[in-house]
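Same order as they appear, the protein sequences are chains X and C.
In this text, residue positions in the first sequence follow the working numbering: the first is 1, and each later residue adds one.
In this text, residue positions in the second sequence follow the working numbering: the first is 1, and each later residue adds one.
No residue lacks a Cβ here, since even glycine has one placed at the ideal position from N, Cα and C.
A short worksheet on the structure shown next.
Protein chains: 2
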Amino acid sequence: MTEQEFLKNYNSSDYEKPSVAVDIALFTIRDNQLQVLLKKRNTHPFVNMLALPATFVGMDETLDECAQRALYQKTGLQNIYLEQLYTWGEIDRDPRMRIISVSYYALVPDSQIQLSESEQEAKFYPVDEIKTLAFDHEKIIAYGRERIRNKINYTDIAFSLVPEEFTLPQLQKIYEILLNQKLYKANFRKKIADKIQPTEKMLSGNKHRPSRIYKKK
Amino acid sequence: MTEQEFLKNYNSSDYEKPSVAVDIALFTIRDNQLQVLLKKRNTHPFVNMLALPATFVGMDETLDECAQRALYQKTGLQNIYLEQLYTWGEIDRDPRMRIISVSYYALVPDSQIQLSESEQEAKFYPVDEIKTLAFDHEKIIAYGRERIRNKINYTDIAFSLVPEEFTLPQLQKIYEILLNQKLYKANFRKKIADKIQPTEKMLSGNKHRPSRIYKKK
DNA sequence: ATACTAAGTAGTAATTTAATACTAACTTAA
DNA sequence: TTAAGTTAGTATTAAATTACTACTTAGTAT
Chain X
1 MTEQEFLKNY
11 NSSDYEKPSV
21 AVDIALFTIR
31 DNQLQVLLKK
41 RNTHPFVNML
51 ALPATFVGMD
61 ETLDECAQRA
71 LYQKTGLQNI
81 YLEQLYTWGE
91 IDRDPRMRII
101 SVSYYALVPD
111 SQIQLSESEQ
121 EAKFYPVDEI
131 KTLAFDHEKI
141 IAYGRERIRN
151 KINYTDIAFS
161 LVPEEFTLPQ
171 LQKIYEILLN
181 QKLYKANFRK
191 KIADKIQPTE
201 KMLSGNKHRP
211 SRIYKKK
Chain C
1 MTEQEFLKNY
11 NSSDYEKPSV
21 AVDIALFTIR
31 DNQLQVLLKK
41 RNTHPFVNML
51 ALPATFVGMD
61 ETLDECAQRA
71 LYQKTGLQNI
81 YLEQLYTWGE
91 IDRDPRMRII
101 SVSYYALVPD
111 SQIQLSESEQ
121 EAKFYPVDEI
131 KTLAFDHEKI
141 IAYGRERIRN
151 KINYTDIAFS
161 LVPEEFTLPQ
171 LQKIYEILLN
181 QKLYKANFRK
191 KIADKIQPTE
201 KMLSGNKHRP
211 SRIYKKK
């Protein structure tokens, strides 16, 4: 049998298949807290409960494309940090049917968020104050938070949570919130020194010495 | 509409679905090299090329269960370190049809490997010597290797690659191979001191001073 | 016995992290 | 207009970790 013949005879609908969905945990830091985007469900199952934005995977899109599409449709956001997290395959995680969920997490600076009218239902909630969510979405958020906490030490993902121009106290605060610990100012600055470049601008207006504004190198 | 009614009316076969498979990268360290289990394919597509062990996900098993089953069926191994790696969703990664692959990686001590007759076709190949593989399996292996390299620094996964009883030179060699760098003996020992416990046994037979045998604490 | 080899330990220099304290530059209120 | 309050930013030092060298130890081989 040649490869041609083989492929022609292959019938992919011979076996029952699970559905595949993408769930997205969009994180930001607002009011000095890690927050995540949630929306109240208006259909069964878990009607009226908060859930992560989600969508089914189309046959004509990759998983990354699907995640980007979902994020864009639900928030209007494009070109923000987006990374696959974990794939959840418990049999009864959705009471309708077998759904395998590929979860993603995304990071966006608070300043960049502009939810339009139609997206008003979706809101950010402080991760620490979240109680029960639909499906296994609490686990997804916890897993995402853990991933961020690990990756912040050996990648630049923290910069995805500040605007293009930022001060060092702002950046340090991001690290402190994600790591959940206080850092030493001088040491922090030494550590990130090679990743940033100063601008001529200063941020004043507070009742204390203004801080210099930096950009990512 | 109540939840009961909703679920009854819900028809999950309304939409076309991708297939979902699990691919497994089983790593070991043999001959001072990181090696991975591969098997020559005997069907289309990619016939006669080397590929990772894989299986389709059954409707009655979770992803983790599926991975465990695949591993057991292909190698007879049970109760070894197994962790989900990444889910691959390129549209044309399989020419037969849309297949989403949830990849796992597993770690086993070389000493524990006993491939039976029927599994003879599957063999370990040094990761550094692998050329072209079927599907996107090279990417999976590279991703797995990277995950291990990161996780070895903040978890105990290295112990999954040595037998229950091991010497410190053996353990250090595992770290050096995975990190691809030489480590300092004294420092290494300080670092892992709280994770190990000495036994009374020594490993001799080499033409030099014998080394003490340790266990994981 | 002596040489050879890797195991294991000691010690020290260099670097990083922990901690404290200071000076600088703004706002506010006396 | 001056002093107090506040945070920005720098300096300094102690403690801990990592980098590196060198030694002692306990086997095997000749």
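A distance of 8 Å or more separates the beta carbons of Leu26 (chain X) and Lys40 (chain X).
C-alpha of Tyr175 (chain X) to C-alpha of Leu203 (chain C): approximately 47 Å in a straight line. Using a CB distance below 7 Å, the part of the region 82–110 of chain C facing chain X consists of Gln84, Tyr86, Thr87, Gly89, Glu90, Ile91, Pro95, Arg96, Met97, Arg98, Ile100 and Val102, ordered along the chain. Residues of chain C whose Cβ lies closer than 9 Å to the Cβ of Asp156 (chain X) do not exist; the shortest such Cβ separation is about 15 Å. Per DSSP, the unbroken alpha helix (DSSP H) holding Pro169 (chain X) starts and ends at Leu168 to Leu179.
Going by C-alpha positions, Ile192 (chain C) is about 42 Å away from Asn79 (chain X). Counted as a single uninterrupted DSSP element, the alpha helix (DSSP H) harbouring Phe188 (chain X) occupies residues Lys185 to Ile192. Your pair Phe135 (chain X) and Arg93 (chain X) checks out as a contact, with CB atoms roughly 6 Å apart and the cut at 8 Å. For Ile29 (chain X), no alpha helix (DSSP H) segment is defined; the enclosing uninterrupted segment is the beta strand (DSSP E) at Ser19 to Arg30. The region 125–161 of chain X is shown to contain whole alpha helix (DSSP H) runs of 4 or more residues at 137–151, in chain order. Leu63 (chain C) carries a helical assignment under DSSP once its states are collapsed to helix, strand and coil.
Contact annotation for Thr62 (chain X) against chain C: Gly89, Glu90 and Ile91 [CB-CB distance below 7 Å, chain order]. Under a criterion of Cβ atoms nearer than 7 Å, the residues of chain X adjacent to Tyr15 (chain C) are, in order, Phe56. Here the region 92–112 of chain C lies against the region 131–146 of chain C, with 3 or more beta-carbon pairs under 8 Å apart. Looking at the backbone, the Cα of Ile29 (chain X) and that of Leu37 (chain X) are separated by about 11 Å.
Between the alpha carbons of Tyr143 (chain C) and Arg209 (chain X) lies a gap of roughly 47 Å.
Under the three-state reduction of DSSP output, Ser204 (chain C) falls in the coil class, being neither helix nor strand. Residue environment: Phe56 (chain X) is assigned as exposed (fewer than 16 neighbouring CB atoms within 10 Å of its CB, all protein chains considered). For a Cβ distance threshold of 8 Å, residue set Lys17, Val20, Val57 and Met59 of chain C lies close to Pro18 (chain X), ordered along the chain. Assigned with DSSP and collapsed to three states, Ser111 (chain X) falls in helix.
Membership of Thr43 (chain X) in any beta strand (DSSP E) is not indicated, and neither H nor E is assigned to it by DSSP. Across the set X:Lys215, X:Leu161, X:Ile157 and X:Met97, the C-alpha of X:Lys215 shows the shortest separation from the C-alpha of Ile196 (chain X).
About 17 Å separates the Cβ atoms of Tyr104 (chain C) and Gln35 (chain C), ruling out a contact at the 8 Å cut-off. For Arg212 (chain X), the enclosing beta strand (DSSP E) covers residues Ser211 to Lys216. Pairing Ala122 (chain X) with Leu77 (chain X), the inter-Cα distance amounts to about 13 Å. Residues of the same chain with a CB within less than 8 Å of the CB of Ser116 (chain C), apart from the 5 flanking positions on each side, are Gly76 in chain order.
Between the alpha carbons of Lys201 (chain C) and Thr167 (chain C) lies a distance of about 10 Å. Distances from the alpha-carbon of Tyr86 (chain C) to those of C:Asp64, C:Gln73 and C:Lys74 put C:Asp64 closest. In the structure shown, the three-state DSSP call for Leu71 (chain C) is helix. When DSSP states are grouped into helix, strand and coil, Lys123 (chain X) belongs to the strand group. In this structure, the beta-carbon distance from Ala67 (chain C) to Leu82 (chain C) falls below 8 Å.
Ile152 (chain C) is positioned such that its CB atom lies closer than 8 Å to that of Leu178 (chain C).
Checking the DSSP bridge columns, you'll see Tyr15 (chain C) has no partner listed.
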